[in-house]
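Colleague: These protein sequence lines are chains A and B, in that order.
Quick note: the first sequence uses our numbering, first residue 1, plus one each step.
Quick note: the second sequence uses our numbering, first residue 1, plus one each step.
Note that CB positions come from ideal geometry on N, CA and C, so glycine has one too.
Have a look at this one.
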Amino acid sequence: MKYVGQSLFYAAFAAIVGLLSIWPSYHILGSQEALVSVTFSHAGERVGECRTLTQEELNKLAPNMRKPNECPRERHPVYIELRTNEQLVFAQTLAPSGLWNDGKSNIYQRTKVDAGNYLIFIGMNDSGSKDSFDYELSRNLTINPGHNVVIRFDDLHDTFVIE
Amino acid sequence: MQRPLARAFGSAENPLNHLGALTIFFCWIVLISGIWLLIFFRTSVSDAFASVEYLTHQQWYLGGIMRSLHRYASDAAILTILLHLLKEFAFDTYRLKRWFSWVTGIPLVWMVFVLGISGYWLVWDELAQYVAITSAELLDSLPIFTDSMAGNFMTAAAVSNRFFTLMAFLHLIGLPIFLVFGIWLHVFRLTRPSINPPRRLMAGTLLSMLILSLVFPAVSQDEANLALAPQTIQLDWFYLHVYPLVQIWSPGIVWIVLVGVSSLITIAPWLPPGKKTKAALVDLDNCNGCERCADDCPFGAIEMQPRSDGLNYEYEAVVDADLCTRCGICVGSCPTATPFRSKGTLIPGIDLPELPIAHMRELIKTAAEPLSGDQRILTFSCAGSTTAGKLRKAGEAVVTVKCMGQIPPPFLDYVLSRDFADAVLLTGCSDGRCRYRFGAEWSNQRVERKRDPRLRKRVDDSRIARAWQDFPQHQGNVLKQLAALRETLPEATAKSEGEAS
Chain A
1 MKYVGQSLFY AAFAAIVGLL SIWPSYHILG SQEALVSVTF SHAGERVGEC
51 RTLTQEELNK LAPNMRKPNE CPRERHPVYI ELRTNEQLVF AQTLAPSGLW
101 NDGKSNIYQR TKVDAGNYLI FIGMNDSGSK DSFDYELSRN LTINPGHNVV
151 IRFDDLHDTF VIE
Chain B
1 MQRPLARAFG SAENPLNHLG ALTIFFCWIV LISGIWLLIF FRTSVSDAFA
51 SVEYLTHQQW YLGGIMRSLH RYASDAAILT ILLHLLKEFA FDTYRLKRWF
101 SWVTGIPLVW MVFVLGISGY WLVWDELAQY VAITSAELLD SLPIFTDSMA
151 GNFMTAAAVS NRFFTLMAFL HLIGLPIFLV FGIWLHVFRL TRPSINPPRR
201 LMAGTLLSML ILSLVFPAVS QDEANLALAP QTIQLDWFYL HVYPLVQIWS
251 PGIVWIVLVG VSSLITIAPW LPPGKKTKAA LVDLDNCNGC ERCADDCPFG
301 AIEMQPRSDG LNYEYEAVVD ADLCTRCGIC VGSCPTATPF RSKGTLIPGI
351 DLPELPIAHM RELIKTAAEP LSGDQRILTF SCAGSTTAGK LRKAGEAVVT
401 VKCMGQIPPP FLDYVLSRDF ADAVLLTGCS DGRCRYRFGA EWSNQRVERK
451 RDPRLRKRVD DSRIARAWQD FPQHQGNVLK QLAALRETLP EATAKSEGEA
501 S
């Protein structure tokens with residue numbers, strides 16, 4: 001009887017361990033759903049113009065500090081808007097990182113969408129202007145179930161990329 | 001759970017009495033199986049999945065079993081940690097002077113979780129992809145990184161081998177080192193910490209994990225593909241139960257809940273503040289520096305230091321009040337704690353102000369007073385026993401002490417030789433359930449004359465019974481032992497009368 005009890009304990013213990021290690025399954029997305037991920041880092045324009053220092057001003061500086069231009073550190077926040085089939089999915093204003101607001105603005109936004117055909121529009125404003133987008137991209141896409149459509153900004157070519 | 005497990009395993013091998021040691025045992029299984037996996041594992045994004053698949057399928061007879069053992073032992077460790085925490089809480093053995101082990105256990109739980117979660121990254125299957133992205137989302141919500149870490153898991157090109165090597169380093173070397181240090185700190189204030197469970201328990205759990213590994217081997221899910229978003233995954237709920245909440249709530253709220261719950265558990269020993277009682281007191285005039293109290297103290301609260309009073313002994317006992325749990329086990333070990341002393345006030349070398357032995361002697365006299373007839377039994381019960389009240393109601397004479405280890409063997413001699421009772425019953429929490437760890441064990445060894453101070457040879461063993469409670473409701477054993485003891489009494493009395501004549 002004692003060994004029966006022990007066997008039952010070990011069996012129950014192993015069963016709990018085995019079961020909860022994989023069950024129940026977790027459904028992240030529905031069978032007809034996909035993801036649109038917007039993720040990148042981009043530095044907004046500086047809030048002020050750079051100024052060229054005069055020779056007199058340069059002479060006052062230590063030799064190793066003599067940079068010809070003086071630029072304000074602070075940068076504009078970056079405004080981003082994503083639309084699918086002309087419907088607004090999200091619009092965000094991203095503050096620059098850093099204590100002096102001089103770093104890049106970061107976005108990481110994942111949105112569940114139903115699989116299907118979409119007109120994707122993404123626009124970004126990094127100069128503080130509110131009239132128009134500084135950068136934008138529109139593209140017709142067929143999004144399959146389970147796909148992860150990634151939209152990022154290529155700083156090298158100053159353009160949006162959809163992967 | 002205590003009752004069925006105590007019946008199946010007995011108190012000495014009851015898994016619930018070895019939860020901490022079982023967790024360490026599972027860590028050993030994880031370590032040994034992990035070393036085998038490491039030999040074949042390749043720490044690169046492109047090769048990690050394939051190397052695990054090789055272990056799982058081509059080398060299923062060893063690598064596959066090792067992988068399954070690695071996973072299931074890790075899961076089992078979470079289960080035993082959870083039960084360990086619940087048990088200490090339920091039995092109220094985490095408060096007052098026990099706070100140190102409790103508090104140092106909380107970072108250990110975090111470490112074990114991080115260790116397990118980092119292990120799932122290394123397989124680089126769909127689950128790893130989900131874990132990597134969700135972990136990165138959690139970390140991104142902290143004001144640590146300027147760039148988004150989760151963004152690095154959006155395209156295959158963004159994940160580098162170097163990052164993978166870092167994760168492997170954390171999982172294989174960095175975190176385990178901290179874990180070992182954490183375990184050491186966790187048991188630092190305990191003397192004779194239970195590091196290994198009984199061998200049969202080890203064999204049983206290992207066998208059950210092996211059978212589970214053979215019947216139900218751990219396998220990978222589809223290879224990670226960052227162009228796809230996993231739709232359904234088989235989640236390890238032991239380690240990853242929080243992850244779905246990141247999507248349901250938000251990473252920030254999950255952090256608040258995790259940190260909030262951890263903080264609450266951490267300060268639990270002081271909620272509400274415990275009643276302050278006085279620690280064990282050393283009386284140098286009666287302390288001969290024998291070291292028995294220091295040997296027997298379950299929490300290392302007594303240190304032997306060079307004599308400070310000029311008496312001709314090498315050492316004196318010094319109690320660290322911050323470590324003393326006021327169990328009185330030191331009093332039970334003190335050779336000067338004898339009730340036969342009649343000159344002056346009864347003060348032993350070390351005593352418990354809460355229940356001094358002088359008072360204990362008076363309690364014996366008071367409890368024994370109403371006893372009459374040939375079958376007078378005096379019961380000593382520990383404060384944790386649930387039987388004392390029941391026995392009192394039944395008209396039995398009961399003396400309650402803090403822990404059974406508090407009773408010096410001369411007290412048993414005193415009860416019998418001074419004819420306060422015809423027999424003595426010792427009842428309390430069984431070994432493994434003892435609130436002060438060694439109460440039952442030391443008590444047994446002293447009565448069996450295997451540990452100092454030993455029961456004097458002149459004391460008739462048959463007139464001392466011991467009944468330990470394996471679980472709170474285990475009163476039947478005590479009543480059975482009491483009845484059995486009573487049955488032997490006329491014979492024992494006759495025997496002693498014969499010896500006397």
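Got a sec, what are the start and stop residues for the beta strand (DSSP E) Lys-112 (chain A) sits in?
Modeller: Counted from its first residue, the first sequence places residue 112 (chain A) at position 112. 105 to 114 is the extent of the beta strand (DSSP E) around Lys-112 (chain A).
Colleague: When you compare the CB positions of Ala-367 (chain B) and Ala-397 (chain B), do they come within less than 8 Å of one another, or not?
Modeller: Residue 367 (chain B) sits at position 367 when you count from the first residue of the second sequence. Residue 397 (chain B) sits at position 397 when you count from the first residue of the second sequence. Yes, these two residues count as a Cβ contact at 8 Å.
Colleague: Is there contact between the region 405 to 422 of chain B and the region 452 to 462 of chain B, where contact requires at least three CB pairs shorter than 8 Å?
Modeller: yes
Colleague: Along chain A, which residues have their Cβ under 9 Å away from the Cβ of Phe-188 (chain B)?
Modeller: Taking the second sequence and counting its residues from 1, one reaches residue 188 (chain B) at position 188. Those within 9 Å of Phe-188 (chain B) in chain A number zero; the least Cβ separation is about 29 Å.
Colleague: Taking 8 Å as the CB-CB cut-off, is Asn-17 (chain B) touching chain A?
Modeller: On the second sequence, position 17 is the one that residue 17 (chain B) refers to. No - not a single Cβ of chain A is within 8 Å of the one on Asn-17 (chain B).
Colleague: Tell me, please, whether the CB atom of Thr-93 (chain B) is closer than 8 Å to any CB atom in chain A?
Modeller: The residue given as residue 93 (chain B) occupies position 93 in the second sequence. Chain A contact via Cβ: absent.
Colleague: Starting from Phe-49 (chain B), trace the alpha helix (DSSP H) in both directions and tell me its first and last residue.
Modeller: Residue 49 (chain B) sits at position 49 when you count from the first residue of the second sequence. 45 to 53 is the extent of the alpha helix (DSSP H) around Phe-49 (chain B).
Colleague: Give a yes or no on whether the minimum CB-CB distance between Leu-228 (chain B) and chain A is below 8 Å.
Modeller: If you number the second sequence from 1, residue 228 (chain B) lands on position 228. With a threshold of 8 Å between beta carbons, Leu-228 (chain B) makes contact with chain A.
Colleague: Using three-state DSSP, classify Thr-84 (chain A) as helix, strand or coil.
Modeller: Within the first sequence, residue 84 (chain A) is the residue found at index 84, counting from 1. Reduced to three states, the DSSP call for Thr-84 (chain A) is strand.
Colleague: With 7 Å as the limit, tell me which residues of the region 65 to 90 of chain B have their beta carbon closer than that to any beta carbon of chain A; keep them in chain order.
Modeller: Arg-71, Tyr-72, Asp-75, Ala-76 and Leu-79
Colleague: So is Thr-387 (chain B) in contact with chain A if we call contact Cβ pairs under 8 Å?
Modeller: As a first step, residue 387 (chain B) must be located in the second sequence, where it is residue number 387. By this cut-off, Thr-387 (chain B) is not an interface position.
Colleague: What did DSSP end up calling Gln-59 (chain B) once you bin it into helix, strand or coil?
Modeller: Your numbering for residue 59 (chain B) matches position 59 in the second sequence. Looking at Gln-59 (chain B) - three-state DSSP - the assignment turns out to be coil, as it is neither helix nor strand.
Colleague: Pick helix, strand or coil for Gln-234 (chain B), following the three-state DSSP scheme.
Modeller: Along the second sequence, read from residue 1 onward, the residue named residue 234 (chain B) stands at position 234. In this structure, Gln-234 (chain B) counts as coil in the three-state DSSP scheme.
Colleague: Between Leu-487 (chain B) and Arg-466 (chain B), what straight-line distance do the alpha-carbon atoms span, to the nearest angstrom?
Modeller: Translated into positions along the second sequence, residue 487 (chain B) becomes position 487. Translated into positions along the second sequence, residue 466 (chain B) becomes position 466. Before going on, a small fix: residue 487 (chain B) reads as Glu here, not Leu. If you take the alpha carbons of Glu-487 (chain B) and Arg-466 (chain B), they lie about 15 Å apart.
Colleague: Give the range of the beta strand (DSSP E) segment to which Ala-423 (chain B) is assigned.
Modeller: Counted from its first residue, the second sequence places residue 423 (chain B) at position 423. Per DSSP, Ala-423 (chain B) belongs to the beta strand (DSSP E) from 423 to 429.
Colleague: Which of helix, strand or coil does DSSP assign to Glu-56 (chain A)?
Modeller: If you number the first sequence from 1, residue 56 (chain A) lands on position 56. Note: Glu-56 (chain A) maps to helix in three-state DSSP.
Colleague: Can you pull out the residues from the region 115 to 144 of chain B whose beta carbon lies closer than 8 Å to at least one beta carbon of chain A?
Modeller: Tyr-130, Glu-137 and Asp-140
Colleague: Mind listing, in chain order, the continuous alpha helix (DSSP H) runs of no fewer than 4 residues lying wholly within the region 206 to 287 of chain B?
Modeller: 237 to 240, 243 to 248 and 251 to 267
Colleague: Which bits of chain B does Val-150 (chain A) rub up against, with CB to CB less than 7 Å?
Modeller: On the first sequence, position 150 is the one that residue 150 (chain A) refers to. In chain order: Met-154 and Thr-155.
Colleague: Report the option in B:Glu-13, B:Leu-172, B:Thr-277 and B:Ile-364 whose CA atom is closest to the CA atom of Met-202 (chain B).
Modeller: In the second sequence, residue 202 (chain B) corresponds to position 202, counting from 1. Nearest Cα to Met-202 (chain B) within the set B:Glu-13, B:Leu-172, B:Thr-277 and B:Ile-364: B:Glu-13.
Colleague: Among B:Trp-270, B:Val-254 and B:Ala-317, which residue has its Cα nearest to the Cα of Val-282 (chain B)?
Modeller: Residue 282 (chain B) sits at position 282 when you count from the first residue of the second sequence. Of the candidates B:Trp-270, B:Val-254 and B:Ala-317, the one whose C-alpha sits nearest the C-alpha of Val-282 (chain B) is B:Ala-317.
Colleague: When we look at the beta-carbon of Ile-39 (chain B) and count the other beta-carbons within 10 Å, is it buried (16 or more) or exposed?
Modeller: As a first step, residue 39 (chain B) must be located in the second sequence, where it is residue number 39. Per the 10 Å Cβ criterion, exposed.
Colleague: If Cys-327 (chain B) and Tyr-436 (chain B) are in contact, beta carbons under 8 Å, what's the gap, nearest whole angstrom?
Modeller: As a working mapping, residue 327 (chain B) is identified with position 327 in the second sequence. As a working mapping, residue 436 (chain B) is identified with position 436 in the second sequence. Their Cβ separation, rounded to whole angstroms, is 4 Å, which keeps Cys-327 (chain B) and Tyr-436 (chain B) in contact under 8 Å.
Colleague: If you measure from the beta carbon of Ser-208 (chain B) to each beta carbon in chain A, is any gap under 8 Å?
Modeller: In the second sequence, residue 208 (chain B) corresponds to position 208, counting from 1. So yes, Ser-208 (chain B) belongs to the interface.
Colleague: Please check if any C-beta of chain A sits within less than 8 Å of the C-beta of Leu-55 (chain B).
Modeller: Mapped onto the second sequence, residue 55 (chain B) falls at position 55. False, the Cβ-Cβ gap to chain A never drops below 8 Å.
Colleague: For Asp-470 (chain B), which residues in chain A fall below 9 Å Cβ to Cβ?
Modeller: Looking up residue 470 (chain B) in the second sequence gives position 470. Those do not exist, as Asp-470 (chain B) stays about 13 Å from chain A at its closest Cβ, beyond 9 Å.
Colleague: Taking CB distances under 8 Å as the criterion, tell me whether Glu-499 (chain B) reaches chain A.
Modeller: Mapped onto the second sequence, residue 499 (chain B) falls at position 499. Residue placement at Glu-499 (chain B) cannot be trusted, given a pLDDT of 49 that sits under 50; what the coordinates show is reported in the next sentence. Answer no: the Cβ-Cβ gap between Glu-499 (chain B) and chain A never drops below 8 Å.
Colleague: Would you call Pro-453 (chain B) buried or exposed, if buried means 16 or more other Cβ atoms sit within 10 Å of its Cβ?
Modeller: In the second sequence, counting from the first residue as 1, residue 453 (chain B) sits at position 453. So Pro-453 (chain B) ends up on the buried side.
Colleague: I'd like to know whether the C-beta of Arg-199 (chain B) is nearer than 8 Å to at least one C-beta of chain A.
Modeller: As a first step, residue 199 (chain B) must be located in the second sequence, where it is residue number 199. No - not a single Cβ of chain A is within 8 Å of the one on Arg-199 (chain B).
Colleague: Please work out which residues of its chain come closer than 6 Å, Cβ to Cβ, to Trp-124 (chain B), disregarding the five sequence neighbours upstream and downstream, and give them in chain order.
Modeller: Here residue 124 (chain B) refers to the residue found at position 124 when the second sequence is read from its first residue. Counting only Cβ-Cβ distances below 6 Å, and skipping sequence neighbours, we find Ala-48, Phe-49 and Ala-224.
Colleague: Give every residue of the same chain whose Cβ lies closer than 8 Å to the Cβ of His-171 (chain B), excluding the five residues on either side of it in the sequence, and list them in chain order.
Modeller: In the second sequence, counting from the first residue as 1, residue 171 (chain B) sits at position 171. Cβ neighbours of His-171 (chain B) beyond the five flanking positions: Leu-115, Ser-118, Gly-119, Trp-121 and Leu-122.
Colleague: Along chain A, in chain order, which residues have C-beta atoms closer than 7 Å to that of Ala-8 (chain B)?
Modeller: As a position in the second sequence, residue 8 (chain B) is number 8, starting the count at 1. Simply Lys-2, Gly-5, Gln-6 and Phe-9.
Colleague: With three or more beta-carbon pairs closer than 8 Å as the criterion, would you say the region 129 to 139 of chain B touches the region 147 to 160 of chain B?
Modeller: Verdict: yes, contact present.
Colleague: Taking the continuous alpha helix (DSSP H) assigned at Cys-434 (chain B), which residues delimit it?
Modeller: By one-based count along the second sequence, residue 434 (chain B) stands at place 434. First-last for Cys-434 (chain B): undefined, no H or E at that position.
Colleague: Once the 5 residues before and after Val-399 (chain B) are set aside, which same chain residues still bring their CB inside 8 Å of it?
Modeller: Here residue 399 (chain B) refers to the residue found at position 399 of the second sequence. Closer than 8 Å at Cβ, skipping near neighbours: Met-360, Leu-363, Ile-364, Ala-367, Leu-378, Thr-379, Phe-380 and Ser-381.
Colleague: Give the C-beta separation of His-42 (chain A) and Lys-104 (chain A) to the nearest angstrom, bearing in mind that I take them to be a contact with Cβ-Cβ under 8 Å.
Modeller: Position 42 of the first sequence holds residue 42 (chain A). Position 104 of the first sequence holds residue 104 (chain A). Rounded, the Cβ-Cβ distance is 6 Å, consistent with contact.
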